[in-house]
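What follows is a short report on a single structure.
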Amino acid sequence: MDAEHSVDDSQALLEQVNRALANATPLLIQGSNSKAFLGRAVAGEVLDTRSHRGIVSYDPTELVITVRAGTPLAELSATLAAAGQMLPCEPPSFGPGATVGGMVATGLSGPRRPWSGSVRDFVLGTRVITGLGKHLRFGGEVMKNVAGYDLSRLLTGSYGCLGLITEVSLKVLPKPRHCFSVSLEMDRARALENLARWGQQPLPVSAACHDGQRLHLRLEGGEGSVAAAHERLGGEALDPGFWNDLNEQQLAFFDVGPPLWRLSVPNNSGALDLPGAQLVDWAGAQLWLKSDADAGVIRAIAQKAGGHATCYSHGLIDSPFQPLPAALLRYHRQLKAQLDPQGVFNPGRMYAEF
Amino acid sequence: MNILYDERVDGYLPAVDKDSLLQALQQRLPDLDLLHQEEDLKPYECDGLSAYRTTPMLVALPRTVEQVQGLLELCHQRRVPVVARGAGTGLSGGALPLEKGVLLVMARFNRILHIDPAARSARVQPGVRNLAISQAAAATGLYYAPDPSSQIACSIGGNVAENAGGVHCLKYGLTVHNLLRVEILTVEGEHLSLGSDALDAPGFDLLALFTGSEGMLGIITEVTVKLLPRPQVAKVLLAAFDCVEKAGLAVARIIAEGIIPAGLEMMDNLAIRAAEDFIHAGYPVDAQAILLCELDGVEADVHDDCERVRRVLLLAGATEVRLARDEAERVRFWAGRKNAFPAVGRLSPDYYCMDGTIPRRALPAVLKEIATLAGEYGLRVANVFHAGDGNMHPLILFDANQPGELDRAEALGGKILELCVKVGGSITGEHGVGREKINQMCAQFNSDELTLFHGVKAAFDPRGLLNPGKNIPTLQRCAEFGAMHVHMGQLPFPELERF
Numbered sequence: 001m002d003a004e005h006s007v008d009d010s011q012a013l014l015e016q017v018n019r020a021l022a023n024a025t026p027l028l029i030q031g032s033n034s035k036a037f038l039g040r041a042v043a044g045e046v047l048d049t050r051s052h053r054g055i056v057s058y059d060p061t062e063l064v065i066t067v068r069a070g071t072p073l074a075e076l077s078a079t080l081a082a083a084g085q086m087l088p089c090e091p092p093s094f095g096p097g098a099t100v101g102g103m104v105a106t107g108l109s110g111p112r113r114p115w116s117g118s119v120r121d122f123v124l125g126t127r128v129i130t131g132l133g134k135h136l137r138f139g140g141e142v143m144k145n146v147a148g149y150d151l152s153r154l155l156t157g158s159y160g161c162l163g164l165i166t167e168v169s170l171k172v173l174p175k176p177r178h179c180f181s182v183s184l185e186m187d188r189a190r191a192l193e194n195l196a197r198w199g200q201q202p203l204p205v206s207a208a209c210h211d212g213q214r215l216h217l218r219l220e221g222g223e224g225s226v227a228a229a230h231e232r233l234g235g236e237a238l239d240p241g242f243w244n245d246l247n248e249q250q251l252a253f254f255d256v257g258p259p260l261w262r263l264s265v266p267n268n269s270g271a272l273d274l275p276g277a278q279l280v281d282w283a284g285a286q287l288w289l290k291s292d293a294d295a296g297v298i299r300a301i302a303q304k305a306g307g308h309a310t311c312y313s314h315g316l317i318d319s320p321f322q323p324l325p326a327a328l329l330r331y332h333r334q335l336k337a338q339l340d341p342q343g344v345f346n347p348g349r350m351y352a353e354f
Numbered sequence: 355m356n357i358l359y360d361e362r363v364d365g366y367l368p369a370v371d372k373d374s375l376l377q378a379l380q381q382r383l384p385d386l387d388l389l390h391q392e393e394d395l396k397p398y399e400c401d402g403l404s405a406y407r408t409t410p411m412l413v414a415l416p417r418t419v420e421q422v423q424g425l426l427e428l429c430h431q432r433r434v435p436v437v438a439r440g441a442g443t444g445l446s447g448g449a450l451p452l453e454k455g456v457l458l459v460m461a462r463f464n465r466i467l468h469i470d471p472a473a474r475s476a477r478v479q480p481g482v483r484n485l486a487i488s489q490a491a492a493a494t495g496l497y498y499a500p501d502p503s504s505q506i507a508c509s510i511g512g513n514v515a516e517n518a519g520g521v522h523c524l525k526y527g528l529t530v531h532n533l534l535r536v537e538i539l540t541v542e543g544e545h546l547s548l549g550s551d552a553l554d555a556p557g558f559d560l561l562a563l564f565t566g567s568e569g570m571l572g573i574i575t576e577v578t579v580k581l582l583p584r585p586q587v588a589k590v591l592l593a594a595f596d597c598v599e600k601a602g603l604a605v606a607r608i609i610a611e612g613i614i615p616a617g618l619e620m621m622d623n624l625a626i627r628a629a630e631d632f633i634h635a636g637y638p639v640d641a642q643a644i645l646l647c648e649l650d651g652v653e654a655d656v657h658d659d660c661e662r663v664r665r666v667l668l669l670a671g672a673t674e675v676r677l678a679r680d681e682a683e684r685v686r687f688w689a690g691r692k693n694a695f696p697a698v699g700r701l702s703p704d705y706y707c708m709d710g711t712i713p714r715r716a717l718p719a720v721l722k723e724i725a726t727l728a729g730e731y732g733l734r735v736a737n738v739f740h741a742g743d744g745n746m747h748p749l750i751l752f753d754a755n756q757p758g759e760l761d762r763a764e765a766l767g768g769k770i771l772e773l774c775v776k777v778g779g780s781i782t783g784e785h786g787v788g789r790e791k792i793n794q795m796c797a798q799f800n801s802d803e804l805t806l807f808h809g810v811k812a813a814f815d816p817r818g819l820l821n822p823g824k825n826i827p828t829l830q831r832c833a834e835f836g837a838m839h840v841h842m843g844q845l846p847f848p849e850l851e852r853f
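Encoded structure:
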């Protein structure tokens, strides 16, 4: 690995955490800050992970890569691409400097998620600096590992509230041999009906988005299956750059306007009547909504459908993540109290209560 | 130091008056079936790891969530440990009962509540058998992907508790990858819903934390699993090799070719011969190793991939490559592998199944070392290997009626697991820690890591009443195990009683 880009700075990070523990100073963990708009604002001393960077090990035939948290996501993707592999969950960057640590901490996945799994599904192991001031290792570099509790997956998507992730081992996969994107004209209700039906068939769909007028599909697999699916489904060729624009929220839909919400709903919810413009992703399981409606109204709709809603417009409301039921919240607090007894890691980033 | 619960190193358990507890349970839950007489308790003294047996104080066989809730509340109040059990097929003693505890058998929760083809999900009770889900969904063209070898008998609740795997994990994932939601009751009988019918849920990923937590954090009362469309076709190639290294290399080359097989299994010569004698699968008995490579998906892709894999296998030095001609032969090829454990069981009065995982590149070295260790301990070892995901199942052959052989088998097993950790792997890929590998946890994790695990446990079960003594060893146990270990290292043939 390139020595210039590979620096083990974990000792300095551990020292900073230990100082914070000694002085009971809250820490604001950040990489490039590309995802700072998610969650609640944290007041604390900045802990910048970017000094701890580089790919620790990568053997493409093992399908595992181990990488330090401060490594740019772009570097990880480029390294994998050079070996014909990828992180199938397509984590969004939301900025040029996005880091691997931020990817794991937010746990966000892209258009392929319903078919490939999410970031947490590809996390095999982590190293983490804990609220007891120790640098520990959980999970490992093997696909199957059920020794002890699965702390690596618990940490994924916990927004740095349970500890500082310093290193992660990820399962990776070969890039599909063929990829072809199409766009079909049909209304939302019809598109969702079709997607529900196609979902029950072995079709090589790996992304499905409805923009209000058209259904965009990505087909991935071997030459034969992609060609056969294209022939069956029809449609016009679509620029594959569409998927990156969707993932990075670069489509015109995401331009300024009313606040942005993300609704995560069961994949058979059908066309939901939402108070604003919507963009359907994940074959109906992820809805983007531009709306001035009250949080309560939006959340009630999501909840009724069996899902939840997250506000992506920073600072608009005090609880951007859907509030937790009381019992569940209590166990979140108890877990936080055990793993971060002094409450130094990103206090309040997810919920005001911890 | 005993492998059965040892209060001195595993933690003090308060004395419970059995009659008074029984009476209280009967009074509070008059409809709950309770077993309390010695002869009724006997069938529950072990799970699939029958070498370890403890008669439980009481066995409860609830039919409703309210009964489970009532039982948990009462046991929590009286500080009585509760051990959950599904179908009892676990291979690591995760459902080994406690003399001072209640065994909570969830097997009667055996109803499939809802199969939703449009949502591609099935909502089931925890006692439903793994295979029953796929059978119930068959008419819709969907199935539940994880397929542990015990799938005909094991329950989905147990699968979640153990994060069960199977032979198709590399492509389709473990249990944790195929769940949407679980309903649980905490040790206090409080209901929590983890995950959701959507693809994610707000807050920490407690669904992932609970999956594989071995009944230490809560009791599973309902499970919603993902279903997948059944692949159009599946084909199997069988390749023979004159040495294990070449077979290992072939696996790496298949992956390098950009192909993810649905299943990729390796067997060594002893396992091949045992399986062939038993099943007559048509395996080449002279081969030092065989690989079974299953490719599934859409017909055109599978056809292309079969050609690619055949080429790769021959280039890697396979002496023979056979494509199963038809479905019957495909099933026969798999039958040999799937029956490898009982087949090996015919070679020897007893066998002990290991479950370590390793980075695949370490395979040749690890197999060599296992052979050396087997020689030192005077035992035979057959190897079957989920080659795609690095999960080994060395089977140690022994005769429990020969004095000292069980101890030697256990000692050799421990050495093999420590070897897995040494090369960067894990002591368990899919069978769980349970009671069996409690000591080897001390080799995989240091005391700070174990302390954090105990912290997680304390967040959900501060009194430590759910399945005490499993999964995470006490620091006291590790201290004693470490001390004993050094001593053992000086003895090539440890005839001394170890446990």
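Quick note, the sequences are listed as chains C and G, same order.
In case it helps, the working numbering puts the first sequence at residues 1 to 354.
In case it helps, the working numbering puts the second sequence at residues 355 to 853.
The beta-carbon is built from N, C-alpha and C at its ideal position, and this holds for glycine as well.
Keep in mind the model is a prediction, meaning the values are calculated, not measured.
For the beta strand (DSSP E) containing residue i, name the first residue and the last one.
i                : result
Tyr366 (chain G) : Taken as a continuous stretch (DSSP letters only), Tyr366 (chain G) belongs to no beta strand (DSSP E), as it is neither H nor E.
Gln278 (chain C) : Ala277 to Asp281
Around the Cβ of residue i, are there at least 16 other Cβ atoms within 10 angstroms (buried) or fewer (exposed)?
i                : result
Pro696 (chain G) : exposed
Arg679 (chain G) : exposed
Val478 (chain G) : buried
Asp255 (chain C) : exposed
Gln322 (chain C) : buried
Asp371 (chain G) : exposed
Ser34 (chain C)  : buried
Tyr366 (chain G) : exposed
Val104 (chain C) : buried
Glu851 (chain G) : Bear in mind that the predicted position of Glu851 (chain G) carries a pLDDT of just 35, short of 50, making it too unreliable to give a figure here.
Val685 (chain G) : exposed
Leu845 (chain G) : A caution first: Leu845 (chain G) carries a pLDDT of 38, below 50, which makes its placement in the model unreliable, though a value can still be read off. Classification of Leu845 (chain G): exposed, given that the 10 Å Cβ count is below 16.
Ser509 (chain G) : buried
Can you check which of these residues, the options, is closest to residue i by C-alpha distance?
i                : options                                   : result
Asp401 (chain G) : G:Ala472, G:Pro480, G:Ser504 and G:Asp364 : G:Ser504
Leu173 (chain C) : C:Thr79, C:Val226 and C:Gln200            : C:Thr79
Ile357 (chain G) : G:Leu819, G:Arg686, G:Ala765 and G:Leu721 : G:Ala765
Asn464 (chain G) : G:Thr418, G:Ala491, G:Gly448 and G:Tyr497 : G:Thr418
Val437 (chain G) : G:Cys832, G:Lys824 and G:Ala837           : G:Lys824
Pro638 (chain G) : G:Glu544, G:Val675 and G:Leu388           : G:Val675
Gly602 (chain G) : G:Gly495, G:Leu667, G:Ala507 and G:Cys707 : G:Leu667
Asp150 (chain C) : G:Gly442, G:Val777 and G:Asp559           : G:Asp559
Gly199 (chain C) : G:His531, G:Val577, G:Arg584 and G:Phe564 : G:Arg584
Ile614 (chain G) : C:Cys89, C:Phe37, C:Gly284 and C:Lys175   : C:Lys175
Gly549 (chain G) : G:Gly818, G:Ala562, G:His808 and G:Thr409 : G:Ala562
Where do the N-terminal and C-terminal ends of the alpha helix (DSSP H) with residue i fall, by residue?
i                : result
Gly768 (chain G) : Glu759 to Lys776
Ile510 (chain G) : Ile510 to Glu516
Ile609 (chain G) : Val598 to Ala610
Ile65 (chain C)  : Per DSSP, Ile65 (chain C) belongs to no alpha helix (DSSP H); it is in the beta strand (DSSP E), Val64 to Arg68.
His308 (chain C) : Premise fails: His308 (chain C) lies in the beta strand (DSSP E), His308 to Cys311, not in any alpha helix (DSSP H).
Lys336 (chain C) : Ala326 to Leu339
His430 (chain G) : Val419 to Arg432
Ala191 (chain C) : Arg188 to Trp198
Lys692 (chain G) : Glu681 to Lys692
Practice task
With 8 Å as the C-beta to C-beta threshold (strictly closer), list the residues of the stretch 137–153 of chain C near chain G in chain order.
Solution key: Arg137, Phe138, Gly140, Glu141, Val142, Met143, Lys144, Asn145, Val146, Ala147, Gly148, Tyr149, Asp150, Leu151 and Arg153
Exercise for the section: Using a Cβ-Cβ cut-off of less than 9 Å, list which residues of the stretch 494–527 of chain G approach chain C; keep chain order. Expected result: Thr494, Gly495, Leu496, Glu516, Asn517, Ala518, Gly519, Cys523, Leu524 and Gly527
Problem - Cβ contact check for the stretch 579–598 of chain G and the stretch 694–711 of chain G: 3 or more pairs under 8 Å - result: no
Exercise for the section: Could you list the residues in the stretch 317–335 of chain C with a C-beta less than 7 Å from some C-beta on chain G, going in chain order? Expected result: Phe321, Gln322, Leu324, Ala327, Leu328, Tyr331, His332, Gln334 and Leu335
Problem - Contact residues within the stretch 757–788 of chain G, judged by C-beta distance below 8 Å to chain C - result: Gly778, Gly779, Ser780, Ile781, Thr782, Gly783, Glu784, His785, Gly786 and Val787
Handout entry: the stretch 486–495 of chain G touching the stretch 447–458 of chain G, judged by at least three CB pairs closer than 8 Å
Key = no
Problem - Interface residues of the stretch 57–85 of chain C facing chain G [CB-CB below 7 Å] - result: Asp59, Pro60, Thr61, Glu62, Leu63 and Gly84
Exercise for the section: Pull out every residue of the stretch 582–599 of chain G whose Cβ sits closer than 8 Å to any Cβ of chain C, in chain order. Expected result: Pro583, Arg584, Pro585 and Gln586
Exercise for the section: Anything in the stretch 459–478 of chain G with a Cβ closer than 7 Å to a Cβ of chain A? List those residues in chain order, please. Expected result: No chain A is present in this structure, whose protein chains are C and G.
Practice task
Count the CB pairs spanning the stretch 700–712 of chain G and the stretch 764–783 of chain G that are closer than 8 Å, and state whether there are at least three.
Solution key: yes
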